[in-house]
Structures are given as structure tokens and as C-alpha cells.
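All remarks here apply to the structure that follows.
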Amino acid sequence: MSYSLFRFGFLALLLALLAAKPAGSPRITERDFQAYFAAYGLRGSFLVLDAGTNAYTAYNLARCRQGFLPASTFKIPNTLIGLETGAVADTAEVFRWDGVRRAFPQWNQDLTVAQALRVSCVPCYQQLARRVGAGRYRQWLPRLRFGRMHVTAATVDTFWLAGSSRITQFEQIDFLRRLQQGRLPVSARSQAITKALLVLGRGPGWVLRGKTGWTMQSGADNGWFVGWVEQAGRTYFFALNAEPANGGPATDNFVRGRRAIAEQILQREFGLLAGAAK
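Okay, structure coming up:
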């Protein structure tokens, strides 16, 4: 074999190896955060991305890669789609209460879009879903790359709460990162409005944005808390998924624990959210 042929073969092999493992692939470090979940009687998984270093920290990595129904975390892309399609004009538009009394009293009234997101009003966003329609969801959802949503005319107002739609914690963070950076294929206006609606708290040098979610299927409860923290010029994205450890019904610990666990980990393990309640 000539030197030139050997050199060509070596270069081809090197290029193939580089293609198989792209430069800049995110690093994943596994940590044990089980005690935080156990304190609330929950089991689950937690994922954080430091956007500055492109490094993930994961608790229960296999579960972070498992898909779950998005529940009310879908209100984030749903708000974007509603604004982009004109199904809602702005955050001051009012969803009229249908008069049906539900278990969550804060839903039993007229609510603006902004209020409906804040109290996670499912019937309000079901109104929005019927306005958008299955056809337009099938156009917009692939563009947004929010997990794997399956919507039909029959499931247009439930597909994020029941059925075969799924999203992983990695996919949640990927979507939020593109929203935070203004890289979603929607208008800058829609992204800015949605990001403003997600603000949950502010402190010295930091802002917390996020959204909870909760599904109840066949007696099994599953919950989310996803979002990001901007602090000191850096951004950290997070996604928590949890359920009662005993497989029983949701308790107050489940309801409070989703956000509390995430905030405690972000404070104590990452030095974020200084001054926030622990």
C-alpha cells in the first residue's frame, strides 16, 4: 500500500470517528438527590442543564429519559400556539366560566389568559384547544418539537392529559432552552409574552420561571415542575418529574413537593435562588 493511500484511509477513519461522536456533546454527571424526594414521600427524577457549560446533572438518569404525559407543562407551547394562530389575541383576553363547579375553586370564575396560566386552569386551556383545532396543532407541534404529541379531533382538548402523548425531561429542557433563547419558530412577540407569564419569583440577581403539571390516570398521579433560573448572567434549566412513592393518591406533599424539591436542590446543590424560601 502506498503512503498516500494509507494516509487517505487514516483520514477517512478519523473523520468517521469524529462524526460518530460530535464535538461539544453535553456532559452528564449523575447525582443522588433521593433524600429530597423522600422528604415529601415522593419518587422521581431531576435534571439540570448549565447552559454556560452545556453540562447536565441528573438524578435517576434512566427515568429522565422516560416519556410522560406533559400535563399542564403543555400550557407553555399551547400559549405560544394560541397567540400565533390568533386563537387568543393577548394575555388580557378572558376565558368565560362555563358555570360548572370544579374541585379547584380558583377555576370557577372568568379568567384572563394570564390568570388562567397562573392558576393552571385546565377548562380555560381546553377552550383554547378547541379554538385552535386538531388540524392546526398537527401543523404547529412538529415545528415546536415539544416531545411527541398525538392529537385527533376527538382528543383535541385532552391529548396532553391522557392518551399516548409523551415528553422526556431532556425534551422539556431542550424546548425551554429554545424558548429562553428566542429560537422557537414563532414571533418574538409570542415568545416574549409567554416568557413573561412564566415568571414565578425574583430575588437578588436572579429570576425564576417555570410551570407545574399534574396528571391523574387510573388512580396514578404524576407531576412536573419545569423551568429555568437566570442568575448572574448564567442560565440553568431544570425538569422534575415525580409521583407518590407508595403509588397512592396525591397528597398535599405531592402538590407542594414538585416545586419545593426543585427549589431546594437548586439552592443547596447549585447555589441558586439566594433568599428564596427553602
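Sequence positions in the sequence shown follow mature numbering (1 follows the signal peptide of the UniProt record, and there is no 0) and run -19 to -1, 1 to 259. Glycine included, C-beta positions come from ideal geometry on N, C-alpha and C. Quick caveat, the model's predicted, so the values are computed rather than measured.
Around the beta-carbon of Asn222, 16 or more other beta-carbon atoms lie within 10 Å, marking it buried. Straight-line measurement puts the Cα of Arg158 at about 12 Å from the Cα of Phe127.
Note that the C-beta distance between Arg12 and Tyr40 is below 7 Å.
A straight-line Cα-Cα distance of about 10 Å links Phe27 and Tyr17. Between Leu125 and Pro51, the C-beta spacing is not below 7 Å. By alpha-carbon distance to Trp187, the top candidate from Tyr37, Pro166, Val210, Lys176 is Val210. With a 10 Å radius around the Cβ and a threshold of 16 neighbouring Cβ atoms, Arg237 comes out exposed. Within the stretch 167 to 197, the runs of alpha helix (DSSP H) at least 4 residues long that lie entirely inside it are, in chain order, 169 to 178. According to the DSSP assignment, Glu74 belongs to no alpha helix (DSSP H), since it is labelled neither H nor E. By the Cβ test, the stretch 101 to 111 is not in contact with the stretch 144 to 155, since fewer than three Cβ pairs between them sit closer than 8 Å. When the beta-carbon positions are compared, Arg119 and Arg147 stay at least 7 Å from each other.
Excluding sequence positions up to five before and after Leu92, its CB lies within less than 6 Å of the CB of Phe76, Cys102, Cys105, all in the same chain and listed in chain order.
If the five residues before and after Ser53 are omitted, its C-beta is found closer than 6 Å to the C-beta atoms of Ser101, Gly194, all from its own chain and listed in chain order.
Bridge pairing for Ile9: Tyr37 [DSSP]. Comparing C-alpha distances from Arg99 to each of Thr196, Ala20, Lys176, Ala241 shows the shortest one belongs to Lys176. Taking C-beta atoms under 8 Å as the contact rule, Gly144 and Leu179 fail to qualify, at a distance of about 25 Å. Distances from the CA of Phe219 to each of Asp31, Leu42, Met197 were compared; the closest alpha carbon is that of Asp31. Ala255 has its alpha-carbon roughly 15 Å from the corresponding atom of Thr216.
Between the beta-carbon of Leu42 and that of Ala68 there is about 38 Å, and that puts the pair past the 8 Å contact cut. Taking the Cα of Val94 as reference, the smallest distance to any Cα among Ala84, Arg82, Leu64 is reached at Leu64. By the Cβ-count criterion, Arg239 is buried, with 16 or more other Cβ atoms from all chains shown falling within 10 Å of its own Cβ.
Going by C-alpha positions, Leu189 is about 30 Å away from His131.
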